[in-house]
Amino acid sequence: MSDPTIADVMETLKSITTELTAMKADMAAMKEKSASSSDSSAGGRPEGPRDLDRPPKFQKLDFPRYDGKTDPMLFINKCESYFRQQRTMAEERVWMASYNLDDVAQLWYIQLQKDEGTPSWGRFKDLLNLRFGPPPRSAPLFELAECRRTGTVEYSNRFQALLPRAGRLAEAQRVQLFTGGLLPPLSHAVRIHNPETLAAAMSLERQVELMEIDRPVQPPPPAPPRGLLPAPVPRPALPAPQQPVMCGHTCARRRRARDMRRAAERAGAAWVSL
């Protein structure tokens, strides 16, 4: 067999280079496809059998606990975050959540198991909200609209607690409801800036309130001098008290003289008649 010529070697290298280029193109396409599928999964693709087939990420997460003294919505939200992260099966969720109940919440679940058995996860959430959640309202949106400001932290926290139960609201509606609960002039100052999001409206509220606190207090007007006060009006003098009449010997003499005159007048009248 004759040795390969330079032309044969060049032809072989050319074919190898072509194959390598094709392999690189295929690998790049596969990598791009894998990245796009990962992005779509992170963008909110619902869980399915493929998610459950993947092993969970072994990350130290403390399961939340609940004692029935606060809004159960926070507990339920943490539970569902844990279940998504750990790929928890649906039939194991109620057991894990009920195991981490304390105090009156645990006593409630014991009675629930006696009455209905082990409920599904959806039924468990509904009953937990019904037992320990705020009183059900026929119009939760109206309750959110009636929320009024008493203080920056109190009002923001109260509004944030009522918001999840009011249903789906557009961002503009949330801003309008929040600013509507503010009192003037704070509400006017926030509306002037036209916030586009609820977070921006809450931040503006805090900034305006801090500006009002830092504003120097105007001193009260000075009091008028004491020397310029009008003189008091003079009061009229009271009349002098009358002296009591002394009735002694003088009164007796006057009475005797009067009686003597009357007697003389009667005697003279009798003499004339004779």
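FYI, full-length UniProt numbering numbers position 274 of the sequence shown as 274, with every residue one higher than the one before it.
Beta carbons: idealized from backbone N, C-alpha and C, even for Gly.
For clarity, every value in this text was computed on a predicted model and none was experimentally measured.
As computed with DSSP, L182 is found in no beta bridge at all. Looking from the CA of W121, the closest CA among D102, V104, F83 belongs to F83. The alpha-carbon separation between E91 and T118 amounts to approximately 10 angstroms. By the neighbour-count criterion, in which a residue is buried when 16 or more other Cβ atoms sit within 10 angstroms of its Cβ, S98 is buried. Around the beta-carbon of V104, fewer than 16 other beta-carbon atoms lie within 10 Å, marking it exposed.
Pairing L127 with L112 gives a Cβ-Cβ distance under 8 angstroms. The alpha-carbon separation between Q173 and L198 amounts to approximately 9 angstroms.
Distances from the CA of M96 to each of N194, L183, R65, R258 were compared; the closest alpha carbon is that of R65. Using a 10 angstroms sphere on the CB of T12, the tally of other CB atoms stays under 16, which defines it as exposed.
Residue range 121-132 is occupied by the alpha helix (DSSP H) that includes G122. Between L177 and V208, the gap from beta carbon to beta carbon reaches 8 angstroms or more. Inter-residue distance for E196 and A170 is about 11 angstroms (C-alpha atoms, whole angstroms). When D71, I76, R165, A28 are compared, the shortest CA-CA separation from F63 is found for I76.
In the structure shown, the three-state DSSP call for L169 is coil. Judged by their CB atoms, P72 and F132 are nearer to each other than the 8 angstroms cut-off. Assignment of L198 by DSSP, reduced to helix, strand and coil, places it in the helix class. At the C-beta level, E205 and L183 stay beyond 8 angstroms of one another.
Under DSSP, the beta-bridge partners assigned to L101 are Y66. The three-state secondary structure of V175, taken from DSSP, is helix. The DSSP-derived three-state label of T118 is coil. Under the three-state reduction of DSSP output, K60 falls in the coil class, being neither helix nor strand. The straight-line gap separating the alpha-carbon atoms of E154 and L210 is approximately 16 angstroms. In this structure, S156 lies near M202, with their beta-carbon atoms less than 8 angstroms apart.
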